[in-house]
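Novice: What the sequence shown shows, in our numbering, is residues 111 to 274, in sequence order. Note that the Cβ used here is the ideal one computed from N, Cα and C, for glycine as well. Here the structure is a predicted model, which is why all the values come from computation and not from measurement. My structure is below; once you've seen it, I'll send some questions.
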Amino acid sequence: MYLERVEAIGLYPVSTKMRPRPSLGAEEFCIVDEVRYVRKPYRLTVVRLSQTDRDGQRTGISWNVKFHDLANVPDFIILKQHYDTSVQQNVQEGDRIEAILDGQWWTGTVNRKEPSAEDFPSSLWFCLRIIWDSGEEDIMSPWDCQPRSGSRKSGMTSIVGKRA
Numbered sequence: 111m112y113l114e115r116v117e118a119i120g121l122y123p124v125s126t127k128m129r130p131r132p133s134l135g136a137e138e139f140c141i142v143d144e145v146r147y148v149r150k151p152y153r154l155t156v157v158r159l160s161q162t163d164r165d166g167q168r169t170g171i172s173w174n175v176k177f178h179d180l181a182n183v184p185d186f187i188i189l190k191q192h193y194d195t196s197v198q199q200n201v202q203e204g205d206r207i208e209a210i211l212d213g214q215w216w217t218g219t220v221n222r223k224e225p226s227a228e229d230f231p232s233s234l235w236f237c238l239r240i241i242w243d244s245g246e247e248d249i250m251s252p253w254d255c256q257p258r259s260g261s262r263k264s265g266m267t268s269i270v271g272k273r274a
C-alpha cells in the first residue's frame, strides 16, 4: 500500500531492492536495530529491522525499510505491544469499537472480519470492515481501534498529542 502510494504520486522511484522480499509474510515480528534519516531521493526514515520469532528470539534475518510519512497511508510498522493487545481483544463481527481519526473519536460497529488479501489469509492487516455511526464504511486493522468504552461518541475531540 505504501509503495503503491509513493509510485502513484511520483514521490521517488521505487527500485526492486526496495520492495518486500517474497519470503516475508504479511506480518513479521522484528526488533529495531537502527534508525537513520536520509535526504535522498526524498527525506526518508530508514529503519534497520531484525526478524524475531514469536518469543522475541532473533532469526538471523534482517533488512532495511525506507519510508516517508504519507497522508492517508496507514502505519505499517506497529509496536508489538499494540499488536498483542489487539489480538487479545479479539474484535469480532457485531462488536462496537472506537478509534481516533483526524483528531476525533469515531464510534462504529464491526460489520465483517475477513482477510484483506488472499495471499495472506491469516493476516490481520485491514481485516475489519467497519460501519461508523455516521453510516460511512471503512476498513481498519485491529491495532487501529479498540472496544468501545461506552462514554465516547463520534465527533468528540481527542486530546491525544495536545498540550494543556
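1) Which whole runs of the beta strand (DSSP E) in the region 156-210 are 3 residues long or more, in chain order?
2) Would you report the Cα separation of Val157 and Leu211, rounded to the nearest angstrom?
3) Enumerate in chain order the residues of its own chain whose CB-to-CB distance from Arg258 is below 7 Å, with the five nearest sequence positions on each side excluded.
4) In three-state terms, what does DSSP make of Tyr147?
5) Taking the C-alpha atoms as reference points, what is the distance between Ala274 and Val142?
6) Beta-carbon within less than 8 Å of Lys127's beta-carbon, same chain only, minus the 5 sequence neighbours each way: which residues are those?
7) Classify Ile187 as buried or exposed, calling it buried when 16 or more other Cβ atoms lie within 10 Å of its own Cβ.
8) Counting pairs of Cβ atoms below 8 Å between the region 173-183 and the region 218-227, do you hit three or more?
9) In this structure, does DSSP put Trp242 in helix, strand or coil?
10) Looking only at its chain, what residues have a beta carbon closer than 8 Å to the beta carbon of Gln198, apart from the 5 residues adjacent to it on each side?
Specialist: In short, the structure shows the following:
1) List check, beta strand (DSSP E) in window: 168-177.
2) Roughly 26 Å between the two C-alpha positions.
3) Apart from sequence neighbours up to five positions away, the residues of its chain that approach Arg258 with a beta-carbon distance below 7 Å are Arg206, Ile207, Glu208, Thr217, ordered along the chain.
4) Note: Tyr147 maps to strand in three-state DSSP.
5) Caution is warranted here: a pLDDT of 37 is assigned to Ala274, below 50, making its placement in the model unreliable, and no coordinate value can be reported.
6) Around Lys127: no qualifying Cβ.
7) Flag for Ile187 reads exposed.
8) No, because fewer than three Cβ pairs between the region 173-183 and the region 218-227 fall closer than 8 Å, the two stretches do not touch.
9) Trp242: strand per DSSP, three-state reduction.
10) Excluding positions up to five away in sequence, the list is empty.
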